[in-house]
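My numbering numbers the first residue of the sequence shown as 11 and each following residue consecutively. Glycine residues also receive a C-beta, built at the ideal position from the N, C-alpha and C atoms. None of these values were measured; they are calculated from a predicted model. What follows is a set of notes on a single structure, which appears directly below.
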Amino acid sequence: MPIRNRILLLLAAVLAAGVLGACGGDDAEPDEVASISGDDADQGGSARQGIEDALLDFTACMRDQGIEVPDVQLDAAGAPMIRPDDIAGIDLESPEVQAAISACLSILTDAGAFSFADDPELQALLQDSLQDFAVCMRREGIDDFPDPDSSAAIPFPVTAFTAFANQSFQDALEVCRRQVGIPGLGE
């Protein structure tokens, strides 16, 4: 898979993970997630299946922890669609949600959803794109949107997406995902 396509899908996966971690609500529809590794179709397909399975396991784990989240389905491009209504009213800073995320996040990291160490060029491009995304979000009025943390399991804390259901956040997300070239989150 060309590096540009891998970057776009990885960006979608990284941002979707933040939103999915923020998700504790009702029924979600698919958006996009990543075909994380591999330069040929077979390897990319295996990576996609691994990530899809990990997303389903993650949502099952969240439910086991007492947080109602919908099953994640992937579209043809491989990314999860998350509607703002599905997470409206969820208190991402509540101890219950934070504990569930802490208990379940390893499912995604163990699946390699955020592992780019084997490709330093991809890792650098992804970090630059995530930084551009954070700068754009702040420029679009989401003043407290953080810079990405390359040392964390996911580059943005789940709390960065607490306003996901807010229309101004949605507007900023749309502008910035288009500017950075991230496949459809929140559509």
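For residue i, name the three-state secondary structure that DSSP assigns.
| i | result |
| --- | --- |
| Pro105 | helix |
| Glu150 | coil |
| Phe166 | coil |
| Val185 | helix |
| Arg14 | Low per-residue confidence applies at Arg14: pLDDT is 46, beneath 50, and the placement is therefore not dependable, though the value from the model is reported in the following sentence. Helix. |
| Ala121 | coil |
Can you tell which of the options has its C-alpha closest to the C-alpha of residue i?
| i | options | result |
| --- | --- | --- |
| Ser104 | Thr169, Arg187, Cys146 and Ala64 | Thr169 |
| Ile152 | Gln133, Leu183, Ser139 and Ala162 | Leu183 |
| Arg187 | Ile111, Asp142, Leu135 and Leu115 | Asp142 |
| Gly76 | Leu66, Glu106, Ser178 and Val185 | Glu106 |
| Leu115 | Phe179, Glu131, Arg148 and Pro167 | Pro167 |
| Ala109 | Thr119, Gln137 and Cys71 | Cys71 |
| Glu150 | Glu131, Val185 and Ser161 | Val185 |
| Asp157 | Gln137, Ala175 and Ala113 | Gln137 |
Grab me the residues of residue i's own chain with a C-beta within less than 6 Å of its C-beta, minus the 5 sequence neighbours each way, in chain order.
| i | result |
| --- | --- |
| Asp181 | none |
| Val190 | Ser139, Asp142 and Phe143 |
Leaving aside the five residues before and after residue i along the sequence, list all residues of the same chain whose C-beta is less than 7 Å from its C-beta, in chain order.
| i | result |
| --- | --- |
| Asp159 | Pro165 |
| Asp101 | Val107 |
| Phe179 | Ile152 and Ala173 |
| Phe155 | Ala144, Met147, Arg148 and Ala170 |
Quick check: residue i and residue j, are their CB atoms within less than 9 Å of each other?
| i | j | result |
| --- | --- | --- |
| Asp67 | Ile117 | yes |
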